[in-house]
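Structure record follows, encoded as structure tokens.
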Amino acid sequence: MLRLLKYDLKRDMFMLLGGGAAIVLLLLAIEIGGRYWSMEADVRFVLTVLTYFFAGGGMLVIVCTSFRKNIGSISRRLLPVHSWTYIASAGLYALLTGICLLVLGIGQLFYYWQSGLWEELKGLGAVNIKGLEWLTPPLIWLGIPFTLLWAVILGLSALFLAITLTESLRVKARSLVGVFLFFAMGSLLSWIENAFFGGRGTQAIPGIRVESQSVMDLRIQGLDAGWAAFVFEAVVVVLCIWLTIKLIDRRVQIK
Amino acid sequence: MVPLLELQSVSKAYGKKTALLDLSLSVEPGRIVGLLGSNGSGKSTLMQIAAGLLHPDSGSVRIRGQLPGVRTKGAVSFMPDRPQFESWMTIGDALDFQRDFFADYDADKARRMLDFMKLSRRDKAFSLSKGMGERLQLTLALSRKASLYLLDEPIGGVDPVARDHILDALVEFYEEESSVVVSTHLISDIERIFDEIVMIQGGSVIMQGDAEQLRMASGKSIDQLFKEVYAEC
Amino acid sequence: MTIEFDNNLPIYLQIMNYIKLQIVTGKLGPGEKIPSVRELASELKINPNTIQRTFQELEREGVAESRRGLGRFVTSEDEKIMSIKKEMASDLLDRFIGGMRELGFDNENIVKIVTESVEGGRSGGGGDAHGTLA
Chain A
1 MLRLLKYDLK RDMFMLLGGG AAIVLLLLAI EIGGRYWSME ADVRFVLTVL TYFFAGGGML
61 VIVCTSFRKN IGSISRRLLP VHSWTYIASA GLYALLTGIC LLVLGIGQLF YYWQSGLWEE
121 LKGLGAVNIK GLEWLTPPLI WLGIPFTLLW AVILGLSALF LAITLTESLR VKARSLVGVF
181 LFFAMGSLLS WIENAFFGGR GTQAIPGIRV ESQSVMDLRI QGLDAGWAAF VFEAVVVVLC
241 IWLTIKLIDR RVQIK
Chain B
1001 MVPLLELQSV SKAYGKKTAL LDLSLSVEPG RIVGLLGSNG SGKSTLMQIA AGLLHPDSGS
1061 VRIRGQLPGV RTKGAVSFMP DRPQFESWMT IGDALDFQRD FFADYDADKA RRMLDFMKLS
1121 RRDKAFSLSK GMGERLQLTL ALSRKASLYL LDEPIGGVDP VARDHILDAL VEFYEEESSV
1181 VVSTHLISDI ERIFDEIVMI QGGSVIMQGD AEQLRMASGK SIDQLFKEVY AEC
Chain C
2001 MTIEFDNNLP IYLQIMNYIK LQIVTGKLGP GEKIPSVREL ASELKINPNT IQRTFQELER
2061 EGVAESRRGL GRFVTSEDEK IMSIKKEMAS DLLDRFIGGM RELGFDNENI VKIVTESVEG
2121 GRSGGGGDAH GTLA
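Chains as they are written, first to last, in the working numbering: chain A, 1 to 255; chain B, 1001 to 1233; chain C, 2001 to 2134.
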């Protein structure tokens, strides 16, 4: 698993370093350049969050592409490794890039906290942390990552399954089928959770709603749906992984 | 003695197209076997099933008595018919890849083969010409002390000089307890190194036997026999 | 050492003939060590199993003998080597005479042509048979 990851990283090294540098530069540009061009704090905040959002998206694309290449390329499939290692190494890849992004994010939050921007943003009404009011600011730094992590795990399991399914089909429109299936799974999951667990439903990405240009709602779900929903989601994760392994073994087309 | 490779009544279809039909085959250790057939005869499918890349629809495949899986992949060295290098890799990277994943990788053998093939570790794998690419593929496949080597069209689409070189390498780096299955449709250059030949058409075996005995019995070369057998199909 | 192989004939027989030729012409002397399977396979670019078969046949015919741990050696019996030579000659003769008969020559003419060829200093290699024909 680690060996696979090593070669995944080697393969994507150029893109990872380039992308990482671009993100950091962009964040600096927003913060520093923004001040220079007299952008308001809340506008800068929205742009910053958007940058993280897209960085996360880019990271997801890289991880999924890597996973798809691993399950479909001859040189990788000839390796004497169990099928679950492809999932595990992709998951680890996501974790690694996620941690990098998280560290960056924590650094950013710290910067906000230290520079007083945090209070300023709360004052402006740009930041509303719902559902976690009982956590004081330092613990928010733990609560956010955990929920994000779990959402990512759930999302990735479903995503990997959808990708594997796409690679297993031989029809021309298979990419569309994969995308459709992914969202179908998500909807089904939300519906079940709403119906049985009374939660607000689960989304793969924590809700970020931009109400107006300068107000942003950071909605943290998952914790308010209760433990039952969590167990249910855990079962779903296991199921997805099991199905993915079965598909990798038998049905994925190798080029 | 357990055969190194054994296929029993293996069938495989892609949608409506039948690739293999009720095919049975057995390869003993220490043999060089020629898998002969035209394009589309099912050779590649057979090789890929033996390599564990494809799952048969029915029938059984066993390598040293085991079902294809993690352990058999560690004992089988497969050379695909098309170069499979990742674009970022140098030749050295490609060899290190083999070293990192396969316990039977032999660094000394790899080094000797690189010299033999006149390849350098620093070259970018992607930028090699077709002939050099085939030589690298063979190097990667033979640099392991595997039990079963599966070479899919190692001399196809390669100029005669490189072809000779590849055949030389096969003989030079051959391991006595292992078996080599070579699939090809270009027979006359390579038939002299086969112990046995298996002819495939339409997904089934239409002729197989000891190469020398076939020559003695028919007074013809394997290439000639092949042409005659195929003319009838 | 390279041989032009004819794929229409069993390879191992061709190698055997080659080795026998080496022996009767003295290039491989009596009692001399024969290259190993690996060496020969490498030189001739032939499957080692085929070489192995060749050696087995040579041993069976008494042309070569293997000594445990030391390798394979040409027989040191001169009579044996002579008999190999005679055998190879008789094979050549059979083919020659058969071929000539097919061309329509009778025994007397065959002998005449051969005598003229040999005495005329013809060193070999095809060509038409000139000379007196009955």
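Where a beta carbon is used, it is the ideal one built from N, C-alpha and C, also for glycine. Computed from a prediction, not measured in an experiment: that's the story for all the values here.
Worksheet entry | Own chain partners of B:E1006 with C-beta closer than 6 Å, once the 5 adjacent residues on each side are dropped | One-based indexing of the second sequence puts residue 1006 of chain B at position 6. The answer, listed in chain order, is S1026 and R1062.
Item to complete: Would you tell me roughly how many angstroms separate the C-alpha atoms of B:V988 and A:S157, rounded to the nearest one?
Response: Lying before the first or after the last residue shown, residue 988 of chain B is absent from chain B, which here runs from 1001 to 1233.
Worksheet item: From this set, A:F182, A:F180, A:F146 and A:T244, which residue's C-alpha is nearest A:G98's C-alpha?
Response: Counting from one through the first sequence, the residue named residue 98 of chain A turns up at place 98. The option with the nearest alpha carbon to A:G98 is A:F146.
Worksheet entry | Distance between A:L9 and B:I1197 (C-alpha atoms, nearest Å) | Residue numbering aside, residue 1197 of chain B sits at position 197 when the second sequence is read from its first letter. Residue numbering aside, residue 9 of chain A sits at position 9 when the first sequence is read from its first letter. Going by the C-alpha atoms only, they are around 43 Å apart.
Worksheet item: Taking the DSSP output, what are the residues bridged to A:T147?
Response: The residue you call residue 147 of chain A lines up with position 147 of the first sequence. Its beta-bridge partners do not exist; DSSP assigns none.
Fill in: Whole-Å CB distance - B:P1068 paired with B:G1052, under 8 Å assumed
On the second sequence, residue 1068 of chain B is found 68 positions in, with the first residue counted as 1. On the second sequence, residue 1052 of chain B is found 52 positions in, with the first residue counted as 1. Indeed, because the Cβ distance is near 4 Å, the residues count as touching under 8 Å.
Discussion item. Taking 8 Å as the threshold (C-beta atoms), are B:S1221 and B:S1188 in contact?
Written reply: Sequence index remark: in the second sequence, residue 1188 of chain B carries index 188 (1-based). Sequence index remark: in the second sequence, residue 1221 of chain B carries index 221 (1-based). Against a cut-off of 8 Å, the Cβ pair of B:S1221 and B:S1188 comes out as a contact.
Worksheet item: Run through DSSP, which three-state label would B:M1001 get?
Response: Mapped onto the second sequence, residue 1001 of chain B falls at position 1. DSSP places B:M1001 in the coil class of the three-state scheme, outside both helix and strand.
Practice prompt. Assign C:R2095 to one of three DSSP states: helix, strand, or coil.
Written response: Locating residue 2095 of chain C in the third sequence gives position 95, where the first residue counts as 1. Helix, per DSSP.
Fill in: Residue closest to B:Y1174, alpha-carbon to alpha-carbon, out of B:L1186, B:A1162, B:N1039 and B:T1139
Along the second sequence, one-based indexing puts residue 1174 of chain B at 174. With distances taken between Cα atoms, B:Y1174 lies closest to B:T1139.
Fill in: Neighbouring residues, chain B, relative to C:Y2018 (Cβ below 7 Å)
On the third sequence, residue 2018 of chain C is found 18 positions in, with the first residue counted as 1. Under the 7 Å cutoff, chain B gives no residues; its nearest Cβ is about 14 Å from C:Y2018.
Discussion item. Can you pull the chain B neighbours of A:K10, defined as C-beta to C-beta under 8 Å?
Written reply: In the first sequence, counting from the first residue as 1, residue 10 of chain A sits at position 10. Per Cβ cutoff of 8 Å: W1088 and D1093.
Worksheet entry | N- and C-terminal bounds of the alpha helix (DSSP H) containing A:A22 | By 1-based counting over the first sequence, the position of residue 22 of chain A is 22. Its alpha helix (DSSP H) spans residues L2 to L28.
Worksheet item: Does DSSP put B:R1111 in a helix, a strand or coil?
Response: Taking the second sequence and counting its residues from 1, the one referred to as residue 1111 of chain B is at position 111. Helix at B:R1111.
Worksheet item: Are B:Q1137 and B:G1059 touching if we call contact CB-CB under 8 Å?
Response: Within the second sequence, residue 1137 of chain B is the residue found at index 137, counting from 1. Within the second sequence, residue 1059 of chain B is the residue found at index 59, counting from 1. Contact flag unset, no.
Worksheet item: Is there at least one Cβ from chain C nearer than 8 Å to B:D1022's Cβ?
Response: Counting from one through the second sequence, the residue named residue 1022 of chain B turns up at place 22. So, not an interface residue.
Worksheet item: So, does the CB of A:Y7 fall closer than 8 Å to a CB anywhere in chain B?
Response: Position 7 of the first sequence, counted from the first residue, corresponds to residue 7 of chain A. Cβ-Cβ to chain B under 8 Å: yes for A:Y7.
Fill in: Contacts that C:F2005 makes with chain B (C-beta to C-beta distance below 7 Å)
The sequence position of residue 2005 of chain C within the third sequence is 5, counting from 1. The contacting residues are R1192.
Discussion item. In the DSSP output, what is B:Q1008 paired with across the bridge?
Written reply: Position 8 of the second sequence holds residue 1008 of chain B. B:Q1008 is bridged to B:S1060.
Worksheet item: chain C beta carbons: is any one of them nearer than 8 Å to that of B:D1168?
Response: Residue numbering aside, residue 1168 of chain B sits at position 168 when the second sequence is read from its first letter. By this cut-off, B:D1168 is an interface position.
Fill in: Interfacial residues, the stretch 2033 to 2044 of chain C to chain B, with Cβ spacing under 7 Å
A2041 and S2042
Discussion item. If we define contact as Cβ-Cβ less than 8 Å, is B:M1216 a contact residue for chain C?
Written reply: Counted from its first residue, the second sequence places residue 1216 of chain B at position 216. Cβ-Cβ to chain C under 8 Å: yes for B:M1216.
Practice prompt. List the whole-angstrom C-beta distance separating B:S1033 from B:L1148, where the pair is believed to meet the contact cut-off of C-beta under 8 Å.
Written response: Reading the second sequence from its first residue, position 33 is the one you call residue 1033 of chain B. Reading the second sequence from its first residue, position 148 is the one you call residue 1148 of chain B. Residue identity check: residue 1033 of chain B is Val in the sequence provided, not Ser. Rounded, the Cβ-Cβ distance is 10 Å, inconsistent with contact.
Worksheet item: Hey, would you say C:K2086 sits closer than 8 Å to B:V1171, going by beta carbons?
Response: The count along the third sequence starts at 1 and reaches residue 2086 of chain C at position 86. The count along the second sequence starts at 1 and reaches residue 1171 of chain B at position 171. No, the Cβ-Cβ distance between C:K2086 and B:V1171 is not below 8 Å.
Worksheet item: Run through DSSP, which three-state label would C:G2069 get?
Response: Here residue 2069 of chain C refers to the residue found at position 69 of the third sequence. C:G2069: coil per DSSP, three-state reduction.
Worksheet entry | Where the stretch 2045 to 2058 of chain C meets chain B: residues whose CB sits under 9 Å from a CB there | K2045, I2046, N2047, P2048, N2049, T2050 and R2053
Fill in: Reduced DSSP secondary structure (H/G/I, E/B, other) of A:Q253
By one-based count along the first sequence, residue 253 of chain A stands at place 253. DSSP places A:Q253 in coil when its eight states are reduced to three.
Fill in: Spatially closest choice to C:R2053 from C:K2027, C:Q2014 and C:T2025, by CA coordinates
For the purposes of this step, residue 2053 of chain C is taken as the residue at position 53 of the third sequence. Of the candidates C:K2027, C:Q2014 and C:T2025, the one whose C-alpha sits nearest the C-alpha of C:R2053 is C:Q2014.
Worksheet item: Can C:I2051 and C:V2063 be called in contact, C-beta distance under 8 Å?
Response: The residue you call residue 2051 of chain C lines up with position 51 of the third sequence. The residue you call residue 2063 of chain C lines up with position 63 of the third sequence. No.
Discussion item. In the DSSP output, which residue or residues are listed as bridge partners for B:L1025?
Written reply: Within the second sequence, numbered from 1, the residue matching residue 1025 of chain B stands at position 25. Answer is B:L1007, bridged to B:L1025.
Worksheet item: Can you tell me whether A:G207 is buried or exposed, with buried defined as 16 or more other CB within 10 angstroms of its CB?
Response: Counting from 1 along the first sequence, the entry for residue 207 of chain A is found at position 207. Note that A:G207 scores a pLDDT of 41, beneath 50, so its modelled location is shaky and nothing firm can be said.
Worksheet item: What are the start and end residues of the alpha helix (DSSP H) that includes B:T1139?
Response: The sequence position of residue 1139 of chain B within the second sequence is 139, counting from 1. DSSP places B:T1139 in the uninterrupted alpha helix (DSSP H) bounded by K1130 to L1142.
Worksheet entry | C:R2095 burial status per 10 Å Cβ neighbour count (16 or more: buried) | The residue given as residue 2095 of chain C occupies position 95 in the third sequence. Flag for C:R2095 reads exposed.
Item to complete: Pull up the distance between the alpha-carbon of B:F1226 and that of A:K69, whole angstroms please.
Response: Reading the second sequence from its first residue, position 226 is the one you call residue 1226 of chain B. Reading the first sequence from its first residue, position 69 is the one you call residue 69 of chain A. About 39 Å.
Worksheet item: In the stretch 1054 to 1084 of chain B, which residues sit with their C-beta less than 9 Å from some C-beta in chain A, listed in chain order?
Response: L1054, H1055, G1069, V1070, R1071, T1072, K1073, G1074, A1075, V1076, S1077, F1078, P1080, R1082 and Q1084
Item to complete: On a CA-only basis, which of B:E1177, B:L1214, B:S1044 and B:D1210 is nearest B:I1200? Give me that one, please.
Response: Stepping through the second sequence from its first residue, residue 1200 of chain B is reached at position 200. For B:I1200, the nearest C-alpha among the options comes from B:S1044.
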